[in-house]
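Below: one structure, written as structure tokens.
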């Protein structure tokens, strides 16, 4: 099968999966109630939440540039940020929120010839660094949730934190030694990225006057962030909402409110990602740091 045809069929399949998930979601919730919930949102808190999404993406771009510099791609932060926004814009339409990463990898490899293997490696490590902090924050939140199912695993949640950090450090040390110098700095950036997004979701909860189950909603959000990266849908659409739906049922949350939170966060991300459309029409030039 020709590559172009295979890619088109794969994209069509993922569009179909997204549509199927969205249809499934709306068979399980009251769409009218979701609209009513969305209309009650306090615009000030929603605006602050959107600003925090922007801040989180800027911090994430600094983290990625750390990795680029480790393999000799010494582009300025301004160039990297413009490329990062363009990648975010493409992530709105490409499978699993990773299509933009592939584009960034293609651009920097074409410009700097640093080796496709190294470029792919640092893009993967950048993504895994963020996922690690999502996992760590999830363990912390799960520890504090009073839930019969989670109760027997509370100590395991705490033990999983140092084990996961050591495992990621060992992987860097064993297979990507050229990145170990920035290991802790990249984790610090990841911690700030995920913290900013958690505060954003907290502001969304306040905007909709949700006064309880804060920790549960935040945990479901983190889990949905992991699920949305799996390349089964276009831009993670549908997979995040399904996670919120089942997470709500599992933790005793309101399903309509959960879907509203997911939808609002997606809209915030889409608004910030739309900045990248500027660089779709005017491709960013990768400027090199002058020594």
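Numbering (the numbering used here), first residue to last: 1 to 291. C-beta: ideal position from N, C-alpha, C; glycine also. Only a predicted model underlies this, so the values are computations on that prediction, with no experimental measurement involved.
Buried or exposed by the 16-neighbour rule on C-beta atoms within 10 Å, applied to residue i
| i | result |
| --- | --- |
| residue 91 | buried |
| residue 162 | exposed |
| residue 53 | buried |
| residue 24 | Low confidence applies here, because residue 24 scores a pLDDT of 48, under 50, leaving its location unreliable; read the following figure in that light. Residue 24 should be labelled exposed. |
| residue 285 | exposed |
| residue 117 | exposed |
| residue 249 | exposed |
| residue 87 | buried |
| residue 197 | buried |
| residue 278 | exposed |
| residue 167 | exposed |
| residue 235 | For residue 235, the predicted model reports a pLDDT of 49, less than 50, meaning its position is unreliable; a value from the coordinates is still stated below. Per the 10 Å Cβ criterion, buried. |
| residue 125 | buried |
DSSP-derived helix/strand/coil call for residue i
| i | result |
| --- | --- |
| residue 288 | strand |
| residue 75 | strand |
| residue 210 | coil |
| residue 39 | helix |
| residue 228 | coil |
| residue 92 | coil |
| residue 114 | coil |
| residue 100 | helix |
| residue 252 | coil |
Spatial neighbours of residue i in its chain, beta-carbon cut-off 6 Å, leaving aside the 5 residues before and after
| i | result |
| --- | --- |
| residue 84 | 61 |
| residue 186 | 63, 66 and 129 |
| residue 240 | 224, 228 and 262 |
| residue 200 | 49, 52 and 53 |
| residue 282 | none |
| residue 101 | 123 |
Limits of the alpha helix (DSSP H) - the one that residue i falls within
| i | result |
| --- | --- |
| residue 147 | First-last for residue 147: undefined, no H or E at that position. |
| residue 267 | 255-273 |
| residue 68 | 43-70 |
| residue 163 | 154-175 |
| residue 278 | 277-281 |
Contact set for residue i: own chain, Cβ-Cβ below 7 Å, skip 5 residues either direction
| i | result |
| --- | --- |
| residue 173 | 180 |
| residue 270 | 92 |
| residue 213 | 253 |
| residue 171 | none |
| residue 145 | 215, 216 and 219 |
Sequence-distant residues of its chain with Cβ nearer than 8 Å to residue i (five each side left out)
| i | result |
| --- | --- |
| residue 292 | The requested residue 292 is not part of the displayed model; the chain covers only 1 to 291. |
Is the region 209-226 touching the region 241-251, taking contact as three or more C-beta pairs under 8 Å?
Per the Cβ contact rule, the region 209-226 is in contact with the region 241-251 (3 or more Cβ pairs under 8 Å).
Any chance the region 273-289 sits against the region 73-81, with 3 or more Cβ pairs inside 8 Å?
Between the region 273-289 and the region 73-81, the count of C-beta pairs closer than 8 Å reaches three or more; the two stretches touch.
Is the region 39-48 close to the region 207-216, with three or more CB pairs under 8 Å?
With a cut-off of 8 Å on Cβ pairs, the region 39-48 is in contact with the region 207-216, counting three or more such pairs.
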